[in-house]
Amino acid sequence: MPSKRFRPTIFLAAISFITSPVLAADGTKSTKTESWKAEDIIYDESVSDFHISPDGHWLVWAKSDGDKEKDSRVSNLFLSSLTEEREIQLTRGADNSRLPRWSPDGEWIGFVSGKPRPQAKPDTAPVQIWLISSRGGEPYPLTELARAPRQLEWLDKDTIIFSAEEDPSAYEQALKKKKDDSEIVDDSDHAPPVRLFKVNVKDKKITRLTTNTDWIQDWSVSKDGKYAVAVHAKSLHYTFDQKTPPVTMLHNISDGAAKQVFTEGRLRPVGLRWALDNSGFYAFIPFSNDPKFLTATIEQLYFYDLATGKHMQVPLDWENGLARALQPTQDGFYALLAAGYHFKAAHYTRDKSGDIWTWKHAMLEGDHSQNINGLDVTEDGKTFVYYYSTASSMPQLFRAQVDDDKLSSPVQLTKLNDKLIKSRAFAKTEVVRWKGADNDEVEGILYYPNPYDPAKKYPLITAIHGGPTGADLDAWDDNWAYPMNLLAQRGAFLLRPNYHGSGNYGLKWVESICCGKYYDLETPDINQGVDSLISKGLVDPDKIATLGWSNGSILSISLITTYPSRYKAAVVGAGDVEWISDWGNVVFGDSFDSYYFGKSPMEDPQLYIRKSPFFKMDKVQAAVLIFHGTADNQVPPAQSWSFFRALQYYGKVPVKFVVFPGEPHGPRKLTHQVRKVEDEMAWFDQYFFKSTPPPNEALKSGSPLDTAIRTKNAARSGGAYGAPFAGKGKSVLIPEVVKRGELEIGRCEVTRAQFSAFDSHYNMPPGTENYPANGISLEQATAYVDWLSKLTGQTWRVPDEKEVAALHASTEGENTLDYWAGYAANPDDTNRLREKVKELGGTAPLLKPAGSFPGQGQEKEELIFDLGGNAAEWVLTADGRGKVLGGSADCPADPRSSCAPATEYVGFRVVRGAAKPSAATTTTKE
27 MPSKRFRPTI
37 FLAAISFITS
47 PVLAADGTKS
57 TKTESWKAED
67 IIYDESVSDF
77 HISPDGHWLV
87 WAKSDGDKEK
97 DSRVSNLFLS
107 SLTEEREIQL
117 TRGADNSRLP
127 RWSPDGEWIG
137 FVSGKPRPQA
147 KPDTAPVQIW
157 LISSRGGEPY
167 PLTELARAPR
177 QLEWLDKDTI
187 IFSAEEDPSA
197 YEQALKKKKD
207 DSEIVDDSDH
217 APPVRLFKVN
227 VKDKKITRLT
237 TNTDWIQDWS
247 VSKDGKYAVA
257 VHAKSLHYTF
267 DQKTPPVTML
277 HNISDGAAKQ
287 VFTEGRLRPV
297 GLRWALDNSG
307 FYAFIPFSND
317 PKFLTATIEQ
327 LYFYDLATGK
337 HMQVPLDWEN
347 GLARALQPTQ
357 DGFYALLAAG
367 YHFKAAHYTR
377 DKSGDIWTWK
387 HAMLEGDHSQ
397 NINGLDVTED
407 GKTFVYYYST
417 ASSMPQLFRA
427 QVDDDKLSSP
437 VQLTKLNDKL
447 IKSRAFAKTE
457 VVRWKGADND
467 EVEGILYYPN
477 PYDPAKKYPL
487 ITAIHGGPTG
497 ADLDAWDDNW
507 AYPMNLLAQR
517 GAFLLRPNYH
527 GSGNYGLKWV
537 ESICCGKYYD
547 LETPDINQGV
557 DSLISKGLVD
567 PDKIATLGWS
577 NGSILSISLI
587 TTYPSRYKAA
597 VVGAGDVEWI
607 SDWGNVVFGD
617 SFDSYYFGKS
627 PMEDPQLYIR
637 KSPFFKMDKV
647 QAAVLIFHGT
657 ADNQVPPAQS
667 WSFFRALQYY
677 GKVPVKFVVF
687 PGEPHGPRKL
697 THQVRKVEDE
707 MAWFDQYFFK
717 STPPPNEALK
727 SGSPLDTAIR
737 TKNAARSGGA
747 YGAPFAGKGK
757 SVLIPEVVKR
767 GELEIGRCEV
777 TRAQFSAFDS
787 HYNMPPGTEN
797 YPANGISLEQ
807 ATAYVDWLSK
817 LTGQTWRVPD
827 EKEVAALHAS
837 TEGENTLDYW
847 AGYAANPDDT
857 NRLREKVKEL
867 GGTAPLLKPA
877 GSFPGQGQEK
887 EELIFDLGGN
897 AAEWVLTADG
907 RGKVLGGSAD
917 CPADPRSSCA
927 PATEYVGFRV
937 VRGAAKPSAA
947 TTTTKE
């Protein structure tokens with residue numbers, strides 16, 4: 027249905043450092059020490075399209091994650107056992123393997139993929155149908171299609187049915203030959219029909235099953251392979267005006283006959299599923315009270331009886347309607363029902379008496395039953411696989427048994443985002459309610475600041491969903507458009523309101539803003555949610571901001587023009603400000619604008635002007651950051667240009683506009699998504715949290731000034747590059763570690779203050795607490811890490827040579843003899859200078875406080891100090907003996923130098939975590 031809904035398919039501006047250990051409120055150690063970064067949510071792992079094998083023993087599923095080299099998300103196929111703890115990866119690479127489907131005998135898995143084909147025919151599509159044995163092995167391409175397949179299922183164990191656009195016509199080929207890439211809008215005469223085809227998996231022969239001249243959309247095939255039911259689009263501009271609706275056709279696969287079904291009333295399916303016994307099929311059909319548009323709807327369920335040729339509405343006995351997820355079973359089906367902030371899983375059983383079908387239902391019970399967001403079930407209905415998450419826990423696949431409509435013995439199948447789950451602290455969330463417009467109760471999801479102190483009041487950001495028929499659920503939904511945990515860790519509440527017009531709350535709620543009421547209820551709903559949190563003493567009333575994408579952007583703009591003094595900052599993407607031009611410039615203009623405003627702009631242009639925030643921009647007091655893609659056909663990019671220029675015209679507030687070239691309604695390139703989140707965090711930091719000064723573009727990354735600033739920031743975490751730890755009656759500074767790959771290594775050499783906590787007899791002259799501990803033997807270093815491990819309950823050790831040798835390779839710009847000499851000393855001058863140093867007196871007078879010199883680290887990477895200078899450092903060799911690595915203050919930086927550091931210039935650095943085992947030694951015969 028037409029909707030300015032955005033739901034993504036989902037970098038700290040300031041430098042954050044890992045301190046070890048972090049203490050919880052009760053004084054215990056926490057292992058979740060790392061801050062959230064943009065990459066965490068943009069490159070995260072997710073699941074789509076999971077299916078149980080015919081024998082019920084395996085699950086095939088697609089895992090998606092970010093690929094930096096490809097600059098996009100990619101998906102690969104996996105198998106998970108449903109009888110034991112076992113996972114098998116079927117495909118690899120960055121070629122997007124998806125839509126896995128089991129053959130009826132369970133021997134093969136068909137899927138679509140853009141994997142390269144060594145002997146690909148010219149003028150064929152990159153994406154084809156592939157096959158792989160369910161036992162594993164190499165996949166192989168089944169088709170060489172001119173157009174990519176859109177959907178596929180199995181007809182029988184030897185045949186796959188699929189839909190695709192017809193091969194290029196002579197007209198298209200002529201345009202291609204002329205290199206004419208002009209486009210005719212809504213060109214129904216030349217738009218290639220979408221038809222059904224079948225392919226034999228043995229000889230790869232393709233047969234055309236339909237000769238329709240329209241465009242098949244969703245379809246489903248009966249389990250016996252005799253019939254396919256399909257929704258046929260009849261107009262290329264139905265989405266825009268909903269004038270010529272699609273039709274539903276029942277195709278006889280054997281003889282090619284087709285007949286239209288659902289011919290009575292306004293029954294336009296958006297999803298189809300066949301019953302397992304081939305008696306008929308289920309259809310998800312949207313319903314609205316509006317006589318013209320199906321724009322704001324609930325979904326009802328219908329059943330078409332093949333024997334009688336009649337359809338009937340399935341009595342769901344559920345006011346909010348279906349959530350579309352439905353899986354047939356031998357006795358009926360399981361479905362997810364719309365239930366406000368979550369879904370409810372229900373089991374429907376059916377019976378037939380004569381020509382009459384009857385249904386009964388029971389709600390699924392059990393620990394996870396309230397937060398299921400996707401499901402599959404074995405045909406006997408006994409084994410249940412589902413996708414589970416909450417707003418504060420990342421999603422996983424689970425399997426469970428179903429007994430008497432109760433989930434039991436849940437077993438987690440996946441370990442998605444395991445590193446994030448173990449290392450990141452997640453914001454607490456809860457469902458909140460308040461009185462909104464018309465005194466109606468409004469629900470939302472509240473994210474708490476992380477960490478949270480109930481004695482304080484915090485800033486609040488409203489994070490507004492798109493749609494308006496979207497809904498925010500108690501389900502994981504951190505993404506590039508809504509980076510909730512990145513903002514929560516900055517010390518803010520975040521409110522995700524399900525305002526009037528949101529989906530999942532029933533027909534009355536979703537239709538409440540139609541017919542001229544757009545803006546009138548949603549805007550006060552959100553603002554009164556802010557009032558409610560202020561009245562509870564949670565929120566600082568002087569620190570309110572808003573963010574949103576698409577319809578969330580539209581409502582954020584409404585907030586800052588309706589309540590201008592309240593909102594201090596706004597970050598918005600792809601939102602409208604002027605509605606007359608919107609009507610004709612978006613793919614669903616008439617069906618959206620005329621529905622929500624009650625009239626078209628031709629009928630009442632003044633209404634569209636009154637509804638447009640563009641004419642209220644002089645009221646804005648918030649600092650505004652705007653994003654938009656240049657190829658957006660759901661909200662015209664010109665809307666953001668008008669927004670930006672109007673604020674620029676008045677010149678009252680800071681405003682910045684970021685354009686994503688070639689991007690649609692939401693950016694797909696990961697670099698653009700990261701840019702969006704980084705800029706968003708920096709904007710809120712500067713204009714809302716006021717935690718950072720304005721960026722200085724003259725400051726070059728990596729320059730001495732930049733390094734000095736980064737070094738100063740690094741010192742915030744503990745003064746002596748460590749975190750306090752209450753151990754055995756005294757405070758101890760634990761060495762701070764940073765990550766290089768999987769290695770957690772000390773940011774600095776162990777300092778005198780840290781070492782003296784272990785060895786009370788160690789000589790530490792006053793004022794030298796932050797100098798590196800020097801004159802240390804390997805035995806002393808080993809004893810220190812053993813003591814530290816017992817104290818903290820963590821594993822600490824002296825580094826292995828092989829894991830840190832590369833880090834110690836560079837000595838340029840470090841505290842070496844060259845620094846003191848003012849030039850690169852050769853061996854002869856080195857000897858002379860070392861004699862001269864003795865005149866300074868004291869022990870190791872050339873040492874400097876830890877972190878005095880520029881550290882090592884790429885941009886946005888944690889800095890490590892003194893790897894190439896100050897004190898040389900002990901490491902363990904492969905045979906377990908010790909040696910010193912790295913530069914020292916009494917030796918030159920020249921890598922060719924044979925200079926050995928004096929004993930008083932030897933210290934050490936620590937590593938946290940167990941060493942990786944060495945690879946087993948193997949021998950081969952030549």
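If you read the sequence shown in this note's numbering, its first letter stands for residue 27, the second for the next number, and so on.
We treat Cβ as the ideally placed atom computed from N, Cα and C, and that holds for glycine.
Nothing here was measured: the structure is a model prediction, and the numbers come from that model.
Between Lys682 and Leu651, the gap from beta carbon to beta carbon is short of 8 Å. About 5 Å separates the CB atoms of Pro590 and Gln647; that is less than 8 Å, so the two are in contact. One Cα belongs to Gly883, the other to Ala309, and the distance between them is close to 57 Å. Annotation for Leu348: no alpha helix (DSSP H) segment contains it, though the beta strand (DSSP E) segment containing it runs 348 to 355.
CA-to-CA, the gap between Ala926 and Glu838 works out to about 17 Å. Your pair Ile155 and Pro175 checks out as a contact, with CB atoms roughly 5 Å apart and the cut at 8 Å. Here Gln353 is buried. Its C-beta has 16 or more other C-beta atoms within 10 Å. Between Ala453 and Ala514, the C-beta spacing is below 8 Å.
Annotation: the continuous beta strand (DSSP E) that includes Met338 extends over 336 to 339. Under DSSP, Met389 shares a beta bridge with Ala372. Ranked by Cα distance from Asn443, the options Asp854, Trp822, Ser72, Trp846 are led by Ser72. A distance below 8 Å separates the beta carbons of Asp75 and Leu125. DSSP links Asn278 through a beta bridge to Tyr253.
Nearest to Tyr634 by C-alpha distance, out of Tyr544, His691, Leu872, Ala217, is Tyr544. Around the CB of Gly677, fewer than 16 other CB atoms lie within 10 Å, so the residue is classed as exposed. When C-beta atoms of the stretch 423 to 442 are compared with those of the stretch 516 to 531, fewer than three pairs fall below 8 Å, so the two segments do not count as touching. Residue environment for Thr903: exposed (fewer than 16 other C-beta atoms within 10 angstroms of its C-beta). For Ala807, the enclosing alpha helix (DSSP H) begins and ends at 804 to 818. Our two residues, Pro218 and Gln199, have alpha carbons roughly 12 Å apart in a direct line.
Between the alpha carbons of Glu827 and Val901 lies a gap of roughly 5 Å. Cβ contact annotation for Thr488 (same chain, cutoff 6 Å, sequence separation greater than five): Leu521, Ile552, Thr572, in chain order.
His698: member of the alpha helix (DSSP H) spanning 696 to 713, first to last residue. In this chain, the beta strand (DSSP E) harbouring Arg127 covers 123 to 128. DSSP places Tyr797 in the coil class of the three-state scheme, outside both helix and strand.
Around the beta carbon of Val211, fewer than 16 other beta carbons sit within 10 angstroms, so the residue counts as exposed.
Straight-line measurement puts the Cα of Ala351 at about 26 Å from the Cα of Ser160. For Ser449, the secondary structure class from DSSP, reduced to helix, strand or coil, is helix. DSSP places Phe266 inside the alpha helix (DSSP H), whose first and last residues are 264 to 267.
Note that the C-beta distance between Asp916 and Val830 is not below 8 Å. In the three-state scheme derived from DSSP, where H, G and I count as helix and E and B as strand, Asn511 is classed as helix.
Selection Val598, Ser415, Thr587, Ser561 evaluated against Trp575 yields Val598 as nearest (Cα-Cα). With contact defined as three or more Cβ pairs closer than 8 Å, the stretch 614 to 629 and the stretch 546 to 566 are not in contact. One Cα belongs to Leu168, the other to Lys231, and the distance between them is close to 9 Å.
In the same chain as Leu302, and ignoring 5 residues on each side of it, the C-beta atoms closer than 8 Å to its own belong to Lys249, Pro354, Thr355, Gln356, Glu405, in chain order. Counting other Cβ atoms within 10 Å of its Cβ, Gln438 stays below 16 and is therefore classed as exposed. Take the alpha-carbon of Thr587 and the one of Phe640: they are about 9 Å apart.
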